[in-house]
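Q: Sharing a structure, written as structure tokens. Questions coming.
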Amino acid sequence: SAVISQKPSRDICQRGTSLTIQCQVDSQVTMMFWYRQQPGQSLTLIATANQGSEATYESGFVIDKFPISRPNLTFSTLTVSNMSPEDSSIYLCSVGDGSSYNEQFFGPGTRLTVL
Amino acid sequence: RKEVEQDPGPFNVPEGATVAFNCTYSNSASQSFFWYRQDCRKEPKLLMSVYSSGNEDGRFTAQLNRASQYISLLIRDSKLSDSATYLCVVNMVSGGYNKLIFGAGTRLAVHP
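Protein sequence lines correspond, in order, to chains A and B.
Okay, so the first sequence: first residue is 15 according to my numbering, each after it adds one.
Okay, so the second sequence: first residue is -14 according to my numbering, each after it adds one.
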């Protein structure tokens, strides 16, 4: 499977600021996704990052709060904008093989704490 | 009703025990199914994809019952290293896109 890296691995931020998280894959992939895992919870899909077009957001997530870029088939960014303590979470990117079976593989995650 | 429901756990078992996790899903149109393993403070890792006929990988056996919308994972001869949270995951097509729906996870603790 692809090797996926994320930067930063963790950060502590002040409320009202924004953080951009990078996801880099060592090979071209069709599908990239962004998830959030809040403390003690399971994973929730934020959006599907589409190469060359706008991301597709899940219910409860909006582009103004979580803008996503996908400039090519190996890279994506997620920005958490105007942060509040409720945004403290782990943010994970994943990649899929694009098949109908849709196995996904995850990056190591970014642990965000908002003060 | 949650889209994917799992036994809440935690399951505390001795080494060598056999343990089974159950999972139900609500959307009968779901097409593919997975078990992921997540260690503390780590990302989820794909443990097994679950095929219609059921499949086995060493000590791990996954089964699918589409009629009952039920998935199971059996771990035989538990090892200390099996201690982790096991996530039941279901793939759905929504709005023309594939997406994964995660269960809340079942925590397993294997003790000596």
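Quick reminder that beta carbons are idealized off the backbone N, C-alpha and C, glycines included.
Bear in mind that the values here come from a model prediction, so they are computed numbers and not experimental data.
1. Could you please give the first and the last residue of the uninterrupted beta strand (DSSP E) stretch that includes Phe47/A?
2. For Ile77/A, does the count of other Cβ atoms within 10 angstroms reach 16, so buried, or fall short, so exposed?
3. In the DSSP assignment, the beta strand (DSSP E) including Gly110/A goes from what residue to what residue?
4. Are the beta-carbon atoms belonging to Cys27/A and Ser90/A less than 7 Å from one another?
5. Does any CB atom of chain B fall closer than 7 Å to the CB of Phe80/A?
6. Pull out every residue of the segment 27 to 47 of chain A whose Cβ sits closer than 7 Å to any Cβ of chain B, in chain order.
7. Should Asn83/B be labelled buried (16 or more other beta-carbon atoms within 10 Å of its own) or exposed?
8. Can you confirm whether the segment 45 to 58 of chain B touches the segment 99 to 107 of chain A when touching is taken to mean that 3 or more C-beta pairs between the two stretches lie within less than 8 Å?
9. Answer yes or no: do Gly54/A and Glu28/B have a C-beta to C-beta separation smaller than 7 Å?
10. Considering Cα atoms alone, identify which of Thr31/A, Thr127/A and Glu117/A is closest to Phe18/B.
11. With three or more beta-carbon pairs closer than 8 Å as the criterion, would you say the segment 70 to 84 of chain A touches the segment -9 to -2 of chain B?
12. What do you reckon, are the CB atoms on Gln20/A and Gly121/A nearer than 7 Å?
13. Kindly list, in the order they appear in chain A, the residues whose Cβ is closer than 8 Å to that of Glu28/B.
14. In angstroms with no decimal places, state the Cα-to-Cα distance between Ile18/A and Val4/B.
15. Per DSSP, what kind of secondary structure is Glu28/B in: helix, strand or coil?
16. If you measure beta-carbon to beta-carbon, which residues of the segment 29 to 43 of chain B are closer than 9 Å to chain A?
17. Give the DSSP-derived three-state secondary structure of Asp67/B in the structure shown.
A: Based on what the coordinates show:
1. Locating residue 47/A in the first sequence gives position 33, counting from the first residue. Element bounds for Phe47/A: Met45 to Gln51.
2. Position 63 of the first sequence, counted from the first residue, corresponds to residue 77/A. With fewer than 16 Cβ atoms within 10 Å of its Cβ, Ile77/A is classed as exposed.
3. For the purposes of this step, residue 110/A is taken as the residue at position 96 of the first sequence. Ser103 to Gly110 is the span of the beta strand (DSSP E), which, as asked, contains Gly110/A.
4. Indexing the first sequence from 1 puts residue 27/A at position 13. Indexing the first sequence from 1 puts residue 90/A at position 76. Taking 7 Å as the Cβ cut-off, Cys27/A and Ser90/A do not qualify as a contacting pair.
5. As a working note, residue 80/A is residue 66 in the first sequence. Not closer than 7 Å to any Cβ of chain B, the Cβ of Phe80/A fails to qualify, so no.
6. Result list empty, no residue passes.
7. In the second sequence, the residue the question calls residue 83/B occupies position 98. That one is buried.
8. no
9. Position 40 of the first sequence, counted from the start, is the residue given in the question as residue 54/A. Position 43 of the second sequence, counted from the start, is the residue given in the question as residue 28/B. Contact: no.
10. Indexing the second sequence from 1 puts residue 18/B at position 33. It is Glu117/A whose Cα lies nearest to the Cα of Phe18/B.
11. no
12. Taking the first sequence and counting its residues from 1, the one referred to as residue 20/A is at position 6. Taking the first sequence and counting its residues from 1, the one referred to as residue 121/A is at position 107. Cβ distance < 7 Å, so Gln20/A and Gly121/A count as in contact.
13. Position 43 of the second sequence, counted from the start, is the residue given in the question as residue 28/B. Within chain A, the residues near Glu28/B are Leu106, Phe120, Gly121, Pro122 and Gly123.
14. As a working mapping, residue 18/A is identified with position 4 in the first sequence. As a working mapping, residue 4/B is identified with position 19 in the second sequence. For Ile18/A and Val4/B, the distance between alpha carbons rounds to 32 Å.
15. Taking the second sequence and counting its residues from 1, the one referred to as residue 28/B is at position 43. Note: Glu28/B maps to coil in three-state DSSP.
16. Pro29, Lys30, Leu31 and Ser34
17. For the purposes of this step, residue 67/B is taken as the residue at position 82 of the second sequence. Here Asp67/B sits in helix by DSSP.
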